[in-house]
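Input: a single structure, listed below in structure tokens.
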Amino acid sequence: MLIHLGIVSRLDEKQHKLYVSQRQSLFNFLEKVPITSTYKKERLIQVLSKNYLYNKAKKPFFIMEKDILLASSVPRSSEKISQIVGISKTVGRRYIRRLLAEKKVKKLVDGNNKDVQRIVKYVINIDLVKSAYALLGEHAIAPNLVTKKIKAIEDIPNSEFVYDITNSAERPAFILQNNVVVHNSTRHEILQKLLSRKYISGIKSIEPNQIAFAVIDSLEKHCNIVTDPKMTSELEIEMDEVANGKNTKQKVVGSSRTMLHTVLDQLLQNKLSISFELKKALTTQDVMGICPNDQGNLVLRKAGATGKRFLGCANFPTCRTTFPLPQKGSLSPTNKTCSICQKAPIVKLSGSKFKMEICVNMDCPSKDAWKKEQADKAARLAANPPPTPVSPPSLSSKPKPTKTPKPIPKV
Ligand SMILES: [Zn+2]
Ligand SMILES: [Zn+2]
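Residue numbers (this note's numbering): 302 to 712.
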């Protein structure tokens, strides 16, 4: 989307940061992408002016360029421009060449060296007020650069990425399609919170867990004020009113208090049903499949002594069926039974760099190739051990205990 505006960028999905590369991209970004917070825009430009890296050196590039562009408001020779700006002729020429290549200045030639002496002059070719340069070192911002203040909350149909940089103090959040409230400074925090509460899982592609649906379902049923996006938007409207003097802080705090009391009353009234529904969801979230022995639920468990996870039958101790599990990656059920061994459930295993569906049965023929690979690897290592550093013999050195292979719970 941004590339159509001439902005070369990369979105770091992990950090929710947008990296804009190349100088011209930065300018396009500053000019074309609305940033409603003038304070943030000013700060951004200040940082860029001070720290912009050019040829591995920090140079106040934008400020210097703006001075040159101002000096060329009437046609002037490069020498004259350099003199006005207070830089050497060589440096001045270098800047002018760059501005010329970017079509920000125009070259005018007077004379032909035969009859009249040839003089090359440079004149500004862009509207400085409409450019990002207008912001440099100035407090007043050209009206066309303060763009698109969000006046109302609305649905924006957009299937592409949305670069939410509308970090306006007046209207911090807006609603995207499907009523998802997005705000850039809180988004990362929200995701982190959702992850830590296990409402979502996955790293690159995030998926909601059973418990997330259960929380929403339960709240919608018992306390729908909380799930209604109206609550947030009404609060924001009230905040705005405080900001522009149409409402008082006391009144808004008072009405928020009343609203929260209503929410708490509703939640307390329905405490039992909510906790029952959430518990049910938490248990089903851990169910990874059906026990081949007695059709009980196979539930995610942790071994008390080692802390290692495995699948165990919910009918323990009557049924002692267990399956070992890989210890890394997040697990989710697939509701599929392995078509090869026709016995064990298939679970989805996903990590930051992998995503696969595996049969949990270690004796399943589907694991033969993998087992052979592991055995080959071990054999290769045994035949060709990696060099070990030679340590000087010491009297006190004790032989290191050898690692015993991890026990695998039996089926
Ligand atoms: Zn069982
Ligand atoms: Zn299998």
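The C-beta atom is built at its ideal place from N, Cα and C for all residues, glycine as well.
- The region 502-585 is shown to contain whole alpha helix (DSSP H) runs of 4 or more residues at 511-523, 525-528, 530-544, 550-570, in chain order.
- Residue side-chain check: Lys580 keeps its Cβ at 7 Å or more from all non-hydrogen atoms of ligand 2.
- In the three-state reduction of the DSSP assignment, Asn598 falls in the strand class, which pools E and B.
- The beta carbons of Glu521 and Thr528 sit closer together than 8 Å.
- Excluding the 5 residues flanking it on each side, Ile641 has same chain C-beta neighbours closer than 8 Å at Cys660, Cys665, Pro666, Ser667, in chain order.
- With respect to Glu539, Val553 sits close: the two C-beta atoms are nearer than 8 Å.
- Annotated three-state conformation of Val406 is strand, per DSSP.
- Straight-line spacing of the CA atoms in Trp671 and Leu583 works out to 33 Å.
- 8 Å or more divides the Cβ of Cys614 from the Cβ of Leu632.
- An exposed status is given to Ile420, since fewer than 16 other beta-carbon atoms sit within 10 Å of its beta-carbon.
- In terms of side-chain proximity, the C-beta atom of Asp587 is found no nearer than 7 Å to any non-hydrogen atom of ligand 1.
- Between the region 586-597 and the region 614-624, the count of Cβ pairs shorter than 8 Å is three or higher; the stretches touch.
- At a cut-off of 7 Å, the beta-carbon of Ile641 counts as near ligand 2: some heavy atom of the ligand is closer than that.
- Annotation for Gly597 indicates a beta carbon within 7 Å of some heavy atom of ligand 1.
- The distance from the Cβ of Tyr423 to that of Ile382 is about 7 Å, consistent with a contact at the 8 Å cut-off.
- Under the three-state reduction of DSSP, Pro625 is assigned to strand.
- The three-state reading of DSSP puts Thr638 in strand, counting E and B together.
- Segment contact: the region 600-608 against the region 554-572, fewer than three CB-CB distances shorter than 8 Å; contact not assigned.
- Within the same chain, His523 come within 6 Å of Asn571 by CB-CB distance, once the 5 residues on both sides are set aside.
- The beta carbon of Gln643 is closer than 6 Å to none in its chain, skipping five residues each way along the sequence.
- Secondary structure of Ile388 (DSSP, three-state): coil.
- Note on Gln628: under 16 other CB atoms within 10 angstroms of its CB, so exposed under the neighbour-count rule.
- Annotated as proximal: Leu579 and Ala515, with beta-carbon spacing under 8 Å.
- The DSSP-derived three-state label of Pro376 is coil.
- Around the C-beta of Lys404, fewer than 16 other C-beta atoms lie within 10 Å, and the residue is accordingly described as exposed.
- Burial check for Asp411: the Cβ neighbour count within 10 Å stays below 16, so the residue is exposed.
- Ile647 is not a Cβ neighbour of Lys656, given a cutoff of 8 Å.
- For Arg681, the uninterrupted alpha helix (DSSP H) run begins and ends at 669-684, by DSSP.
- Non-local beta-carbon contacts of Asn329 in its own chain, meaning distances under 7 Å to residues more than five positions away in sequence, involve Leu306, Gly307, Ile308 in chain order.
- Counting only residues of its own chain and dropping the five nearest sequence neighbours on each side, Lys547 has no CB closer than 7 Å to any other CB.
- Ile425 is a Cβ neighbour of Ser373, given a cutoff of 8 Å.
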